[in-house]
Amino acid sequence: MAEFFVLNTGARIPSVGLGTATGKAEPGVVGAAVYAAVKAGYRHIDCAPQYRNEKEIGLTLKKLFEDGVVKREDLFITSKLWSGNHAPEDVPEGIDTTLEDLQLEYLDLFLIHTPIRSKKGAIPTPENFLPVDIPATWGAMEKLYHSGKARAIGVSNFSCKRMEDLLAIASVPPAVNQVESHPGWQQMKLRELCKSKSVHISAYSPLGKPGSPGSMGKGFLSNPIIVSAAEKLQKTPAQVALRWGLQMGHSVLPKSVNETRMKENLSVFGWSIPEDLMAKFSEIPQVKTLRAEFVVHPQGIYKTVEDFWDGEI
Ligand code: A2P
Numbered sequence: 104m105a106e107f108f109v110l111n112t113g114a115r116i117p118s119v120g121l122g123t124a125t126g127k128a129e130p131g132v133v134g135a136a137v138y139a140a141v142k143a144g145y146r147h148i149d150c151a152p153q154y155r156n157e158k159e160i161g162l163t164l165k166k167l168f169e170d171g172v173v174k175r176e177d178l179f180i181t182s183k184l185w186s187g188n189h190a191p192e193d194v195p196e197g198i199d200t201t202l203e204d205l206q207l208e209y210l211d212l213f214l215i216h217t218p219i220r221s222k223k224g225a226i227p228t229p230e231n232f233l234p235v236d237i238p239a240t241w242g243a244m245e246k247l248y249h250s251g252k253a254r255a256i257g258v259s260n261f262s263c264k265r266m267e268d269l270l271a272i273a274s275v276p277p278a279v280n281q282v283e284s285h286p287g288w289q290q291m292k293l294r295e296l297c298k299s300k301s302v303h304i305s306a307y308s309p310l311g312k313p314g315s316p317g318s319m320g321k322g323f324l325s326n327p328i329i330v331s332a333a334e335k336l337q338k339t340p341a342q343v344a345l346r347w348g349l350q351m352g353h354s355v356l357p358k359s360v361n362e363t364r365m366k367e368n369l370s371v372f373g374w375s376i377p378e379d380l381m382a383k384f385s386e387i388p389q390v391k392t393l394r395a396e397f398v399v400h401p402q403g404i405y406k407t408v409e410d411f412w413d414g415e416i
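Residue numbering for the sequence shown follows this note's numbering, beginning at 104 and increasing consecutively.
Dropping the structure here:
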C-alpha cells in the first residue's frame with residue numbers, strides 16, 4: 104500500500120491526512136496539532152472555513168515553512184466552499200478568503216463542503232437555506248481549477264444521486280468526494296459508483312468520531328470484529344479501522360489533537376489486514392454517525408434527514 108493515491112488530475116493525495124474540525128478546541132490547540140502532525144510526517148491537512156480555525160492553521164503553516172520543517176510543494180492542503188458562497192459570483196471570494204487565512208497561493212484540493220446553500224452572510228440554519236444549484240456552483244469551481252488557485256476540485260457529503268447528477272454536467276469531473284466512511288458506515292454503493300467514475304473517496308471521521316453523541320461511546324471501535332482483528336494483528340482498533348479504509352482504496356482523515364494518537368494513526372503502513380479478516384468486516388452493523396439532523400426543518404429545504412441524504416442513509 105503506497106502512502107498516497109493518485110487523483111484523476113494525476114496529482115497524489117496522501118493516504119492519511121489530518122482532519123481539523125476539532126469543534127470547540129481552545130485557541131492554539133489546532134495550530135499546535137498541525138505543527139506536531141507535520142513534524143510527525145503528515146503531509147495532508149484537511150481544512151474548511153466552517154471549522155473557524157483557518158487563520159490559526161495559516162500561521163502554523165507559515166511557521167512550518169519558515170522553520171524549514173517542510174516546503175509548500177510537499178504538503179497537500181484541502182479546503183472547502185461554505186454554504187453562503189454557493190452563488191457562482193461568490194465562489195471566488197470563498198477560495199480567496201481561505202487562501203488569505205491559510206497564507207497560501209493555491210490549494211491542492213477545493214471541495215463544495217456540502218449540498219447546502221444558505222443566504223450569503225447569514226447563519227447557516229435551515230431557515231436561511233436556499234435551493235442548491237450545483238451546476239452553477241460547479242461551473243464557478245471549474246473556473247478556479249482553470250485559474251490554478253485550486254489544483255483539484257471536488258465535493259463533500261454527496262450521495263450517489265448527487266454524484267450522478269454532477270457527473271452528467273461536469274466539464275471538469277470531480278476529483279474527490281469527501282464523505283463519512285469507516286467500517287461502521289462502509290458506503291459500498293457510493294464506493295462502487297465513485298470507483299467506476301475515477302472519483303477518489305476521502306473519508307472523514309474514519310474512526311466514527313468516538314466519544315461523540317452520535318457514536319454512542321467508542322462506536323464501532325468496540326465492535327468484536329474490530330477488537331479481535333486488532334488483537335490478532337497487534338494493532339489498535341483505530342489503526343485497524345484506518346487500515347481497512349486504505350485497503351478499500353480511500354484516503355482517511357482522522358482528527359486528533361493528541362501527538363501520541365496522531366502518530367498511532369499514521370502507523371498504518373508496512374502491514375495489512377489479511378483477506379479473511381477483511382471479509383468479516385461486512386458483518387459489522389452499519390450506523391451513520393454524522394446524520395446532519397441540523398439541516399432538517401418542517402418549513403425548510405430538507406424536511407427529513409433522508410431528504411438531505413437522498414434516502415441513502
Ligand atoms: P483526540 O483529539 O483526543 O485524539 P474522527 O476522526 O473519526 O472524527 O474521530 C476524532 C476523535 O477521535 C477525536 O475525539 C480524537 O480525540 C479521537 N481519536 C483520534 N485518534 C484516536 C485513536 N487512535 N484512538 C482513539 N481515539 C482517537
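Idealized CB from N, CA, C, for every residue including glycine.
Cβ contact annotation for Glu415 (same chain, cutoff 8 Å, sequence separation greater than five): Ser262, Cys263, Lys264, Lys292 and Leu293, in chain order. Taken from the Cβ of Glu367, at least one heavy atom of the ligand A2P lies inside 7 Å.
Annotated three-state conformation of Asp379 is helix, per DSSP. Approximately 19 Å separates the beta-carbon atoms of Ser299 and Gly348; this is outside 8 Å, ruling out the contact. Taking Leu247 as the centre and dropping the five residues before and after it, the same chain places the C-beta of Val194, Pro195, Ile198, Phe213, Ala253 and Ile256 closer than 8 Å to its C-beta, in chain order. For the ligand A2P, a non-hydrogen atom lies closer than 7 Å to the CB of Gly122. The DSSP-derived three-state label of Gly122 is strand. Using a Cβ distance threshold of 8 Å, Ile328 and Phe411 do not count as a contacting pair. Placement of the Cβ of Val360 at a distance of less than 7 Å from at least one heavy atom of the ligand A2P is found. In the DSSP assignment, Val399 forms a beta bridge with Tyr405. In the three-state reduction of the DSSP assignment, Ala139 falls in the helix class, which pools H, G and I.
According to the DSSP assignment, Gly161 belongs to the alpha helix (DSSP H) that extends over Glu157 to Glu169. Val141 is the residue among Val141, Ile116 and Lys183 whose C-alpha sits nearest the C-alpha of Ser359. Within the same chain, Cβ atoms closer than 6 Å to the Cβ of Leu210 are found at Ile180, Ser182 and Ala253, the five residues on either side in sequence being excluded. The alpha carbon of Cys297 has as its nearest neighbour, out of Thr200, Tyr307, Lys312 and Leu269, the alpha carbon of Leu269. Assigned with DSSP and collapsed to three states, Leu110 falls in coil, not helix or strand. Annotated as distal: Val282 and Val302, with beta-carbon spacing of 8 Å or more. Distances from the alpha-carbon of Ala128 to those of Gly120, Leu233, Cys150 and Arg155 put Arg155 closest. The criterion of a C-beta distance shorter than 8 Å is not satisfied by Thr123 and Val132. Taking C-alpha positions only, Phe168 is separated from Ala114 by approximately 21 Å. The alpha-carbon separation between Lys335 and Ser375 amounts to approximately 11 Å. Sixteen is the threshold: when 16 or more other Cβ atoms of the shown chains lie within 10 Å of the Cβ of Lys338, as they do, the residue is buried. In terms of Cβ geometry, Gly314 and Leu324 do not form a close pair [threshold 8 Å].
Annotation: Asp236 to Pro218 spans about 9 Å, alpha carbon to alpha carbon.
In the structure shown, Ile148 falls within a strand segment according to DSSP collapsed to helix, strand and coil.
The three-state secondary structure of Gly257, taken from DSSP, is strand. Glu283 sits in a strand when the DSSP states are folded into three classes. Rounded to whole angstroms, the separation of the alpha carbons of Pro238 and Glu192 is 13 Å. For Ser259, the CB stays at least 7 Å from every heavy atom of the ligand A2P.
Annotation: Pro309 to His249 spans about 31 Å, alpha carbon to alpha carbon.
By the criterion of a C-beta distance shorter than 6 Å, Arg394 is surrounded in its chain by Val408, once the five residues flanking it on both sides are discounted. Note that the C-beta distance between Gln350 and Glu367 is not below 8 Å. Under the three-state reduction of DSSP output, Thr217 falls in the coil class, being neither helix nor strand. In this structure, Leu345 lies away from Val137, with their beta-carbon atoms at least 8 Å apart.
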